[in-house]
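Working notes, structure below.
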Amino acid sequence: MAMADWLSPDQWSAVALSLKVSLWATVLSLPLGVAVAYVLARYQFWGKQVLNGVVHLPLILPPVVTGYLLLLTFGRRGAVGSFLDEAFGLVFAFRWTGAALAAAVMAFPLMVRAIRLAIEAVDPKLEQAAATLGATRVRVFATVTLPLILPGVVAGAILAFAKAMGEFGATITFVSNIPGQTQTLPLAIYSFLQVPGGDSQAAQLVLIAVVIALAALFLSEWVGRAVARRISGS
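Note that our numbering has the sequence shown beginning at 12, numbered continuously upward.
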């Protein structure tokens, strides 16, 4: 039986929207994640611990608090949200774009941590040797560091994608639970559990969520082992 036949239109819409939101959240936050991870792994500067704390704050704060802060900042009346709306017509509050932003913020710490561990596993002497041969810092990163940490980058992206798929608290606070617009997989499960007879539909979505989470976990573990083998063999 095809998934399209097994799931109702509302269920399929939630799954498709979750995949869309998670993909955009991961892709758009990945460059910043690599940059932040590199700075935290390779540089010592005043305020480093502050930056590290801000990056990991979404893991510590209740997700509802994070969602509320996003609403204050990126809502139509927020300082950033009103500017983006007027200048570029980009709206986050109560849109799927806001769901992607909330998912990216909540998944960002996991992404940065995985990439940072990969960077710290690379011997700085390799980068220094390339620099002594006249390579610029950008070229050293592109030709030496990035190839060595690429499995870690992939692992971080996979973890972020899986986290984004399961994001609930910040999303429902920031963009509400609008079917077909902001109702992602976790929100759909919650909605089905609130109505009589919705248990079976919720169970179907739970099964899909478990399969996606396990697949991401196994893939992340496999990539992590590849990182260790690649670094130890270099």
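Glycine is no exception: its CB is placed at the ideal position from the N, C-alpha and C atoms.
- Of the residues assessed, Gly191 falls on the exposed side of the cut-off, its CB having fewer than 16 other CB atoms within 10 angstroms.
- Excluding residues up to 5 positions away in sequence, Asp96 lie with their Cβ nearer than 6 angstroms to the Cβ of Val102 in the same chain.
- Excluding the 5 residues flanking it on each side, Arg87 has same chain C-beta neighbours closer than 8 angstroms at Ser93, Asp96, Val102, Ala104, in chain order.
- Leu170 places its beta carbon less than 8 angstroms from that of Met122.
- The DSSP assignment places complete alpha helix (DSSP H) segments of no fewer than 4 residues inside the region 53-116 at 59-71, 74-85, 90-99, in order along the chain.
- Taking 4 residues as the minimum length, the alpha helix (DSSP H) runs contained wholly in the region 124-191 are 135-143, 148-151, 157-176, 180-186, in order along the chain.
- DSSP, read as helix, strand or coil, puts Pro207 in coil.
- Pro74 counts as buried, since no fewer than 16 other beta carbons sit within 10 angstroms of its beta carbon.
- By the Cβ-count criterion, Lys59 is exposed, with fewer than 16 other Cβ atoms from all chains shown falling within 10 Å of its own Cβ.
- When secondary structure is reduced to three states using DSSP, Gln212 falls in the helix class.
- Taking C-beta separations shorter than 7 angstroms and ignoring five residues to either side along the sequence, the partners of Glu138 in its chain run Val151, Val155, Thr156, following chain order.
- Taken through DSSP and simplified to helix, strand or coil, Thr195 comes out as coil.
- Counting the other CB atoms within 10 Å of its CB gives Gly167 a total of 16 or more, which places it among the buried residues.
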